[in-house]
Structure formats: structure tokens, C-alpha cells
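*Asks:* Next up is a structure, given as C-alpha cells.
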Amino acid sequence: MHDDSDLLVIGGGSAGVATAIRAARHGAKVTLFEPHELGGTCVNRGCVPKKAMWLAAELAVAQRMAQEVGFDVQPGKLDWPAFVARREAYVARARGSYDKRLADLGIRLVRAHAHFVDARTLHADGADYRASHIVIATGSRPRPLALPGAELAIDSDGFFKLGAQPARVGIIGGGYIAVELAGVLGSFGSQVELITRKQGLLSHFDADLGRALGEMMRAEGIAHHEGCAVQGVRRDGDALRLDCSDHEPHGPYDVVISAIGRVPDIESLRLDAAGVSVNMYNEIVTDAFENTSVDGVYALGDVNGKLQLTPVAIAAGRQLAERLFNGQRDAHLDYANVPSVVFSHPPVGSVGLSEAAARVQYGDTVKVRSARFAPMLWSLAGREGKTFMKLVCAGDDERVVGVHGIGPGMDEILQGFAVAVRMGATYADFLKTVAIHPTSAEEFVTMG
Ligand code: NDP
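650 is the number of the first residue of the sequence shown in my numbering; add one for each residue after it.
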């Protein structure tokens, strides 16, 4: 029995590592269990390699624009295997820094699955570990496609294993991952079709963003079959087809990607042994302080299903460590006004309430301002698309409760506006801020 730790952390992804590091910095003795590479989904199979693909896709688009504005260049194809090697080398470096940080802080790393024996004890690699605090940070995995022929499709994990660029791709889903992978593959010249069960894209965002993204994707040649419930995946010669509710089978595709959400990774934890409760979605039930139903057991990141975003997992973990090991008894993450970017082409950025959510909360006091305009480079290149930006204001003082946009640079523009929203800036504050000209961002402070 190892009982020399103050904190046991199950999972070496964003949430687990952030909690362990902050706790160790406050003097806690920490043991972290992770059977695979450190870094979890974000570093190994998510944000980091995805952003690498997105950056390469941006260059593909830039090459075409360069030609359109008059450069004497022929847009070239990406050497997929060479770029993947470059990407994986970058990921390996990021992972290496995690190993080093844990070692520097004296965090014991056990490279094994851990499961509960009771509410204070874990078992891993043939030994028991006991501590007064246990954090569950095992993350999530792609929701399995429960359809005939599902084994013929890949998910986002499979996408990162592709050894070559697929020519024809069908993507099931219309959320973050679906539109991000559609944008990447479409920018590289693959023929991409999105298949969604509802109308529209990005159903968790302000409706205008999904609409605008849909228009822009169609303009780039990405097809979108809406309101189409996929009934099965099947082989047709060398290709794949999707049988759907709307009569015609879709395809042929070389690759079908399922991007229909992520589910908590809890199966191997034996939560029953500790009495930890889960809800109907298998998410571990937690309160605002990330306490589970069992005293001394906490759950953070994707596994509690609150907001499946890396910076949220990190922030929640740090707050918990401050509470447990630095005497900050009220420390907890405020989940309101979390900014988020979808790395579509072009990117979508959003913070605060959608117009619909604001109307529910603030009724008739809601005022919406929006702008559509052609970014200068698109105009110079003779492209017709327009970006879209929107402010949702509420109350007599017209506090800005939502900032939403889609267009080049939105991924970088949004962070500063998220600060303004968190600080309670009003529409008048936005207008008083002198614009930076000529930029896209200035639209947010000049919207009439
Ligand atoms: P999302 O929740 O964003 O989207 C899931 C999509 O799949 C929705 O369009 C949903 O449709 C659809 N769907 C769900 N179940 C089914 C089903 N049974 N059949 C057909 N369609 C279905 O999940 P993702 O998988 O795209 O991403 C998972 C999470 O990872 C995201 O929620 C996000 O939090 C995180 N992530 C964040 C990124 C970022 O920060 N840039 C990037 C990638 C992922 P409907 O709208 O009808 O529910």
C-alpha cells in the first residue's frame, strides 16, 4: 500500500496534469496515473495536431489567394506524410515538456490504468494507493457510431492516423470536429460532404454563425446534406456509401468520418466501488466546486461533461488545487462567458450568450447589432464571401452579453473581446474604444 500521497490524479491529460502541477507547486505530494502518453486528447489526438493541420490548410488557401491577386505561382499539393511527420515531431516535443514538468516537481507518474477499490483507495499495476483526495480526469473518447457498418468509418482519432490525403470524404455530424475536418480537407482539395441529422451547422452556437459558415463552406465546394439521419455505412466496390433517411445513398467516399460528439471515459474506473454517481449520459455528476457525490473525490474536464474544452479543464483543475492545497476555500471555475473558437475555414469565434439564449434570459431588452463585410484580401482576390460579426447587448445599459463572429483572424480577435465581456463592458464602452484601421476587428467597435 502506498499511502504517502496527498493527492491521486487519474488521467494525464489537460485536466489531470494541470491539477497535479498546481497541487505540487503548493507542496502537495502527488501521484498521477496514466497508461498512455501524457497530454491526453488535446496534445496527442486533438487541439494540437488539429491546429497543425488547420495551419497547413490556411497555407493551401493562401497559395490560391496569392495566385488570384496576381502572384506567378501554381498552388501545390501538400506532401501529406512529410507534414504528418513534422506535426508528430511537434506533438512529441509538447509531450516531452509534460514529462519534464512532472519530474521537476517530484510528481510520481504511474504508467498504468487505475481503478477504485474504495472511496480513498485506487489500484494500479499490482499495488494499492491511498490518499484523502482523488481527482478523476480521464477525459472522453469519440462517441461510437451505433449503426450497421460503423466499423467502416473512422473518427477523429482515425483522422490523425491517415497516411495519405483522402480524395472523397463523407463526414457525419455538424459540430466542432465535423466542420473543422471538413475545412481542412476541403482546403487541401479533397471533395467533402457533410451529413447532419438536423438543419444547419454548429447547433450549440448563435444560429447566425452556423448559417454563415454553411454559406461559406458551400461557396468553397463543400456539400452539406441536411436533415439526413444516416442509417448505415456500406462498402460499394472500392468505395464507401452512406445509407440515409433521404432516399439516395450518399457517396462514393474513400473515407467516412464520424464526428458525433464525445463520451466520458469512465468504463475502467469501477466508480461503483467508490459510490461515485454518473448521470444518464455517463458524465460524472459534480457541483460547482467539482466535488462528486463522494467526499474527497473530484471530477474534472471532459469526464464531468460541463464544457469539453481544454482551457476549461486546465482552469478547473488549477482552481481545485488552489482550494485543496492553498487555502482558497471558495476557488472554483466560473463557467460563464467561456470563449471558444471553431477552427473552421474561416474560423468561428464566440463568447457569451447567443441571441436566442439572451432573449430567454433578458427578454425584450436584448438589442442585436451585426455587420457583414468583405475582408480586404478576399476583395483583392475577387472572392465574393463576406465575414459576419455580431454583438448581443442586454439591459438598460446595453451590456454586451455575446460577441460572435466568423471570418479570417477571428481565432485571434476573440480573446481580447472575451476580457471585455467578462468585465461587463457595455455597447457604449465598445463604441468609445478607438478602432484599429484597417482591420476586421474594428467592426466590433464601430457597429451601428
Ligand atoms: P459536437 O457536440 O460539437 O457536435 C456533434 C455533432 O454530431 C452535432 O452536429 C450533433 O448533432 C451530431 N450528432 C450527435 N449525435 C449524433 C448521432 N447519433 N447521429 C448523427 N449526428 C449526431 O461534438 P464534436 O464531436 O464535434 O466535438 C466534441 C467536443 O470536443 C466538442 O463539443 C467540443 O467541446 C470539443 N472540441 C473543441 C474544439 C475546439 O475548441 N476548437 C475542436 C474539436 C472538439 P445535433 O446538432 O443535432 O446535436
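In this text, a Cβ means the ideal position worked out from N, Cα and C, and glycines have one as well.
1. Grouping DSSP H, G and I as helix and E and B as strand, with all else coil, what is residue 919?
2. If you reduce the DSSP assignment to three classes, tell me which class residue 1043 lands in.
3. Pull the bridge partners of residue 1110 from the DSSP assignment, please.
4. Which parts of the segment 953 to 1025 are runs of the beta strand (DSSP E), unbroken and 3 residues or longer, counting only runs that do not cross its ends?
5. May I have the straight-line CA-CA distance separating residue 1076 from residue 1049, to the nearest angstrom?
6. Are the CB atoms of residue 915 and residue 904 nearer to each other than 8 Å?
7. Would the beta-carbon of residue 669 fall within 8 Å of that of residue 771?
8. Anyone know if the C-beta pair for residue 1004 and residue 1017 falls short of 8 Å?
9. Using a Cβ-based criterion (distance less than 7 Å to any ligand heavy atom), does residue 1064 qualify as near ligand 1?
10. Quick check: is the beta carbon of residue 878 nearer than 8 Å to any beta carbon in chain B?
11. Relative to the C-alpha of residue 918, which candidate in 759, 766, 760, 1079 has its C-alpha closest?
12. Can you tell me the Cα-Cα spacing of residue 1066 and residue 800, whole angstroms?
13. I need the boundaries of the beta strand (DSSP E) containing residue 902, first residue and last residue.
14. At a cut-off of 7 Å, is residue 999 close to ligand 1 when judged by its beta-carbon and the heavy atoms of the ligand?
15. Following a CB-centred definition, is residue 706 positioned closer than 7 Å to any heavy atom of ligand 1?
16. Tell whether a beta-carbon distance below 8 Å holds between residue 1090 and residue 714.
17. Relative to the C-alpha of residue 1022, which candidate in 993, 661, 1096 has its C-alpha closest?
18. Kindly provide the chain-ordered list of residues whose Cβ lies closer than 6 Å to any non-hydrogen atom of ligand 1.
19. The beta strand (DSSP E) that contains residue 880, what's its start and end?
20. When we look at the beta-carbon of residue 968 and count the other beta-carbons within 10 Å, is it buried (16 or more) or exposed?
21. Applying the criterion that 16 or more other CB atoms from any shown protein chain within 10 Å of the CB defines a buried residue, is residue 1085 buried or exposed?
22. Assuming residue 1070 and residue 862 form a contact by the criterion Cβ under 8 Å, report the distance between their Cβ atoms to the nearest whole angstrom.
23. If you draw a straight line from the alpha carbon of residue 1082 to that of residue 948, how long is it in whole angstroms?
24. Can you tell me which of the three DSSP states residue 843 falls into?
*Replies:* Concretely, from the data shown:
1. coil
2. strand
3. Nothing about residue 1110 can be reported from this structure: the residues present for the chain run from 650 to 1097 only.
4. 989 to 991, 997 to 1001, 1016 to 1022
5. 6 Å
6. Against a cut-off of 8 Å, the Cβ pair of residue 904 and residue 915 comes out as no contact.
7. no
8. yes
9. Checking every heavy atom of ligand 1 against the Cβ of residue 1064, none is found closer than 7 Å.
10. Note that chain B does not occur in the displayed structure, where there is just one protein chain.
11. 766
12. 43 Å
13. 899 to 902
14. no
15. No, the beta carbon of residue 706 sits no closer than 7 Å to any heavy atom of ligand 1.
16. no
17. From the listed residues 993, 661, 1096, the smallest Cα separation to residue 1022 is found for 1096.
18. Sorted by chain position, residues whose beta-carbon lies closer than 6 Å to a non-hydrogen atom of ligand 1 are 821, 822, 823, 824, 825, 826, 827, 829, 845, 846, 847, 852, 908, 909, 910, 911, 957, 958, 989, 990, 991, 992.
19. 879 to 885
20. Buried, since its Cβ has 16 or more Cβ neighbours within 10 Å.
21. exposed
22. Going by Cβ atoms, the distance from residue 1070 to residue 862 rounds to 21 Å, so no, they are not a contact pair.
23. 41 Å
24. strand
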